[in-house]
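Numbering (the working numbering), first residue to last: 15 to 152.
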Amino acid sequence: MSHLAKLNLSNVQRVAERDPKTERRAKFIGTVAEQRGYLAKAVKGEALTQVIERKAEDGTTTIVERPLRVWFFQQGDSWFLQPRYGARVILLDGKSNAIQAAKLTDLDAILVALGKAAETGELDPVLEAASQRKTKSQ
Numbered sequence: 015m016s017h018l019a020k021l022n023l024s025n026v027q028r029v030a031e032r033d034p035k036t037e038r039r040a041k042f043i044g045t046v047a048e049q050r051g052y053l054a055k056a057v058k059g060e061a062l063t064q065v066i067e068r069k070a071e072d073g074t075t076t077i078v079e080r081p082l083r084v085w086f087f088q089q090g091d092s093w094f095l096q097p098r099y100g101a102r103v104i105l106l107d108g109k110s111n112a113i114q115a116a117k118l119t120d121l122d123a124i125l126v127a128l129g130k131a132a133e134t135g136e137l138d139p140v141l142e143a144a145s146q147r148k149t150k151s152q
């Protein structure tokens with residue numbers, strides 16, 4: 015008697031039960047938390063860079079500093095925060111792509127509010143629109 019004959023074999027298709035809304039919310043909330051960390055570094059005056067190691071084909075390793083991808087920037091006397099979903103800037107009310115603040119320290123409250131809005135589902139339509147792939151017109 016073979017070893018496989020002793021087993022109860024069957025043919026089944028695995029079904030992944032995932033909710034896309036929940037996944038989009040979790041991704042956005044995680045990125046908001048990451049941005050809050052970057053903001054804390056900026057308030058302290060630390061460099062907004064990341065140190066990474068790159069390996070060449072010959073096996074040598076070099077250390078490279080790369081700028082962090084932050085959502086906030088200063089333009090004139092104001093600070094702006096452009097929330098993103100992945101690489102895409104999201105349109106919060108369908109037409110505005112940034113939130114203005116007077117000081118750098120004010121941006122933390124804005125990030126907290128964005129996280130809470132995502133948790134309650136207020137940003138679901140915006141995140142869904144940002145997650146849609148755009149097709150190339152021919």
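From the three backbone atoms N, C-alpha and C, an ideal C-beta is built for every residue, glycine too.
Treat the numbers as computed from the prediction; the structure is a model and nothing was measured.
inquiry  = Applying the 10 Å Cβ sphere with the 16-neighbour rule, what's the burial state of Thr45?
reply    = buried
query = By how many angstroms is the C-alpha of Gly73 removed from the C-alpha of Asp33?
reply = 42 Å
key: Burial state of Arg38, where buried means 16 or more other Cβ atoms lie within 10 Å   = buried
request  = Would you check if the stretch 64-78 and the stretch 123-132 touch, i.e. whether three or more CB-CB distances between them fall below 8 Å?
outcome  = By the Cβ criterion, the stretch 123-132 is not in contact with the stretch 64-78, since fewer than three pairs of Cβ atoms, one from each stretch, lie closer than 8 Å.
key: Cβ neighbours of Glu99 in the same chain (closer than 7 Å, five flanking residues each side left out)   = The question names Glu, but residue 99 in the sequence shown is Tyr. Excluding positions up to five away in sequence, the list reads Phe42, Leu141, Ala144, Ser145.
Cut-off 7 Å between Cβ atoms - residues of its own chain near Asn111, not counting five sequence neighbours on either side = Gln96, Val103, Leu105
ask   = Any idea if Gln49 is buried or exposed, counting beta-carbon neighbours within 10 angstroms, 16 or more meaning buried?
value = buried
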